[in-house]
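The next block holds one structure in the form of structure tokens; read it before the comments.
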Amino acid sequence: MNLIKRTALYLARTKYCKTAIEDQADLKSIREKPTPSMIAGLIMIGFSYIIGLPAVVAFSVIAVWLKKPLVAVIGGPLIYAVSTIIFIIGVKMAGKTYFHVFCRWMVRVVLEKILGDDVRMLSESDSSEKGI
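Shown next, in the form of structure tokens:
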């Protein structure tokens, strides 16, 4: 068994991941119309991903091209810090409900993709250990 699958099995046994899988976490609870601040927050979250790592790579390329390493040494962490701040503000604006529902759904989907049929075996073995 490879390292990724072993790690996924370990994570699937944690309370958070296990309940997300057992409850078949989905995105139904966020069907109500989002408020303008929620939309702005989601846009900020997306924007933070766009400027995060790609900007650091761009600063590195520019630093090599200009032969000025300080551009990457100072600019890379600075733009990444700005990206992180934008992400945190976006999560605050979008509301923790959206973020929590999305994270539970993402955990379930990723673990089911990695583990495949082992997800069912995991829940069956846990219920048989408890005597259910």
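Following the working numbering, the numbering of the sequence shown begins with 35 at its first residue and continues without gaps.
Every residue, glycine too, gets a C-beta built ideally from N, C-alpha and C.
In this text, all values refer to a predicted model and were calculated from it rather than measured experimentally.
When DSSP assignments are scanned along the segment 39–103, the uninterrupted stretches of alpha helix (DSSP H) that are 4 or more residues long and fall wholly within it turn out to be 49–56, 70–85 and 87–100. Put simply, the backbone Cα of PHE121 is about 26 Å away from that of ALA97.
Apart from sequence neighbours up to five positions away, the residues of its chain that approach ALA42 with a beta-carbon distance below 6 Å are LEU145, ILE148 and LEU149, ordered along the chain. The Cβ atoms of ALA106 and SER94 lie closer than 7 Å to each other. With a cutoff of 7 Å on beta-carbon distance, ARG142 and ALA54 are scored as near each other. Shortest Cα-Cα distance from GLU66 to any of VAL125, VAL153 and TYR132 involves TYR132.
In this structure, the straight-line span from the alpha carbon of PRO111 to that of ARG154 is close to 42 Å. DSSP, reduced to helix, strand and coil, places GLY109 within a helical segment of the structure shown.
With respect to MET127, ALA74 sits close: the two C-beta atoms are nearer than 7 Å. The distance from the Cβ of ALA89 to that of TRP139 is about 28 Å, inconsistent with a contact at the 8 Å cut-off.
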